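Numbering (full-length UniProt numbering), first residue to last: 1 to 102. Think of the CB as a built atom: it goes at the ideal place given N, C-alpha and C, for glycine as much as any other residue. From a predicted model like this one, the values you see are computed outputs, not experimental measurements. What follows is one structure encoded as structure tokens, with my remarks underneath.
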């Protein structure tokens, strides 16, 4: 059986890779992917803590499924916003978004 620490190490690596990508990328699509990494790391934590702390219940798995559904909706809305930004300024770089101001 795999110990809980290994799952948490993988989750921490994913989380910090997402944080790093969020702060260093200039492309809005790369930033969205970084946010998805962060959310997937939390989903792993939900499932792992449910499995090791409460093996008979399913609350952690339901939280993970709910988080995945919220993440899918957030991604769809973010991609729609990115498409509209691209139509207006022909770029999805973060440093060019100041052209959308009044």
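In whole angstroms, what separates the C-alpha of residue i from that of residue j?
| i | j | result |
| --- | --- | --- |
| residue 48 | residue 8 | 8 Å |
| residue 3 | residue 33 | 28 Å |
| residue 29 | residue 14 | 17 Å |
| residue 50 | residue 22 | 28 Å |
| residue 73 | residue 31 | 16 Å |
| residue 62 | residue 41 | 15 Å |
Are the CB atoms of residue i and residue j nearer to each other than 7 Å?
| i | j | result |
| --- | --- | --- |
| residue 11 | residue 44 | yes |
| residue 85 | residue 92 | yes |
| residue 52 | residue 64 | no |
| residue 39 | residue 71 | yes |
Going by DSSP, name the residue or residues bridged to residue i.
| i | result |
| --- | --- |
| residue 27 | 93 |
Using the rule of at least 16 other Cβ atoms within 10 Å of the residue's Cβ for burial, across every protein chain shown, is residue i buried or exposed?
| i | result |
| --- | --- |
| residue 77 | exposed |
| residue 60 | buried |
| residue 69 | exposed |
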